[in-house]
Structures are given as C-alpha cells and as structure tokens.
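Below is one structure, written out as structure tokens, with a few remarks after it.
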Amino acid sequence: MEHAAVAERFVAETYPRAEIAIIAGSTARGERTATSDIDLLLLGEALFDDESQTSEAATHAFEGEIFEVFAYTPEGFAEWAHRSVDQHRPVIVHMLVEGRAIRSSASLDGLRAQWGGVLSRGPSLDAAESAFRRYVITDLLDDLRDATDPLEQQVVAAALFERIGELMLLRDGRWVATGKWLPRRLRDLSRERADDLSVPLLDRDLSTFAARVEGELVRAGGRVQAGFVR
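The opening position of the sequence shown corresponds to residue 342 in this note's numbering, with each subsequent residue numbered one higher.
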C-alpha cells in the first residue's frame, strides 16, 4: 500500500515517539478519491515535547499528501474517547478499532478489545435527551412550515434532516454522523426510510418532506413543545 509507506515516513519524521500509528478513513478502506487526505491516529506515552500536553489535532503536508492527525497520550485518548462517546459520535474510537495499524505496541490489542466493545454496545439515548431532541425538531418543523423565503426554507430543511436523522439513528442504537456519513448511516439503518426523507428534500417538495419528518417524530415519541423545561 503506497500510502502506508508515505504515512510511515511521515510518522518517523514528525511524531517519532508514537507507539501506535493507525491509518483510518478512505485510505484505510481503499476508497480514496482525488481529494482524499490521510487520517492518522497516533498514540504514545511520550508523544509530545511538552510533558503536560495530552492531545493534538493538526493538519500537515508531507510528500504531496495531506495528513489529518489526531495524536494523544493514553490519558488524552481516554478523555477524548469518552467525551466523543457521550456525544454519540466516537470518531477516534472508530479510527482505533477499524483502521489499519502501521505502527503497533503490546497495548493495541487490549485497546481495540476495550473500545470495540463500546462501539458494539452502541449509544444510549435517555428520556431527557430524547425529549430535548424532539423539542428541537418540533421547533424546526414549525419554522419550515412557516417559512416563505427560499433560502430560509433550504437552511431549515437541511438542519431538520440532520436532527431527525440523528434521532432515528440513536433510537436504533446507532452512532450519529455528520456530513456525507449521515445519509450513509441512515441508508444502512433503512434505505426506505432514508429515501422517504431524502427524495422530497432533493425535489424541494418541502410539504411532503415536513410530513415525512413528522412521521419519524411520531415514531420517536411525538412533538415536544408546551410545558417542556430545559
């Protein structure tokens, strides 16, 4: 894998004290496009010159490639991984578990077993968060139905697709995503339900889109408005 060799040289030159280096994203999956960068997760006890530093997210150019680096000490990784799990979007955990290791240590198998279990269990959506999410969706849904300005309609509809999509995933015990990964995960959940939302949205049939969102909102427990305290 040509990009693995470039990544190995990058790690040796830029983060030589990394104990674990993992290529993730499209490069690891063999799905690179013309504009793909290389996502790289690095772990090491003495990774940084400053002993008090525990994490770093940085972008580097190296040998014609762009590297998106997520670097952590073990303590820093644990902190940020737990935080991302609480936010239902554990990107660095997916990188650890699903990526391709180009530098390893004795701790890697244990870390993958530990965090792989977390990924398998999926997110937890409690009643309070469900109510808050449905409150936000209810408000956006009313805004969309009231909007007459085309730009406002487009912006609100996009936000509404994101919010209802996240709720659908969470109710099914699936991790949320942003950008291109949200529709992909929705299609993994249910192609039919994803199309029910996306087809009228793409056709700018916003009344049908609003009705489909309302249907998913009912499925999730219904509108939340009067009497809600946050």
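For each residue, glycine too, the CB sits at the ideal point set by N, CA and C. Bear in mind that the values here come from a model prediction, so they are computed numbers and not experimental data.
Buried or exposed: residue i, going by 16 or more other Cβ atoms within 10 Å of its Cβ?
i      : result
Val497 : buried
Phe408 : buried
Phe569 : exposed
Glu360 : buried
Pro464 : buried
Ala348 : buried
Val352 : buried
Leu481 : buried
Thr414 : buried
Arg526 : buried
Arg370 : exposed
Comparing C-alpha positions only, which one of the options sits nearest to residue i?
i      : options                        : result
Lys521 : Leu547, Ser539, Arg512, Arg358 : Ser539
Asp484 : Arg474, Leu501, Val347, Pro541 : Leu501
Gly417 : Ser396, Asp427, Val434         : Ser396
Ala336 : Gly385, Arg564, Pro524, Thr374 : In the structure as shown, the chain begins at 342 and stops at 571. Residue 336 is therefore absent and cannot be evaluated.
Ala454 : Glu439, Arg560, Ala472, Asp390 : Glu439
Asp390 : Leu466, Thr355, Ala499, Asp490 : Thr355
His423 : Val459, Val554, Ala488, Leu466 : Val459
Arg495 : Asp546, Ala419, Ala567         : The residue asked about is misnamed: residue 495 is Gln in this sequence, not Arg. Checking every option, the nearest Cα to that of Gln495 belongs to Asp546.
Leu452 : Leu466, Arg532, Ile433         : Ile433
Below 8 angstroms on the Cβ atoms is my guess for residue i versus residue j; work out the distance and round it to an integer in Å.
i      : j      : result
Val517 : Arg441 : The Cβ separation is near 24 angstroms, so there is no contact.
Thr376 : His344 : Going by Cβ atoms, the distance from Thr376 to His344 rounds to 14 angstroms, so no, they are not a contact pair.
Val477 : Arg512 : With a Cβ gap of about 15 angstroms, Val477 and Arg512 do not count as contacting.
Arg444 : Glu404 : Incorrect: roughly 17 angstroms between the Cβ atoms, too far for contact.
Ser471 : Ala561 : 7 angstroms
Leu530 : Leu510 : 6 angstroms
Residue i by DSSP, collapsed to three states: which one?
i      : result
Ser539 : helix
Phe569 : coil
Ala442 : strand
Leu383 : strand
Ser577 : Because the chain here runs from 342 to 571, residue 577 falls outside it and cannot be looked at.
Tyr356 : coil
Val432 : helix
Glu507 : helix
Ala362 : strand
Ala488 : coil
Phe389 : coil
Ala518 : coil
Glu409 : strand
Ala500 : helix
Ala447 : coil
Ala402 : strand
Glu372 : coil
Ser548 : helix
Ser377 : coil
Leu466 : coil
Grab me the residues of residue i's own chain with a C-beta within less than 8 angstroms of its C-beta, minus the 5 sequence neighbours each way, in chain order.
i      : result
Met436 : Ile363, Ala365, Gly366, Asp380, Leu382, Phe411
Glu507 : His429, Arg474, Val517, Leu523
Indicate, with yes or no, if the ligand PLP has a heavy atom lying under 8 angstroms from the CB of residue i.
i      : result
Ala419 : The ligand PLP is not part of this structure, which contains no ligands at all.
Starting from the C-beta of residue i, find all residues in its chain whose C-beta is less than 6 angstroms away, skip the five residues before and the five after it, and write them out in chain order.
i      : result
Pro541 : Thr549, Phe550
Leu558 : Ile478
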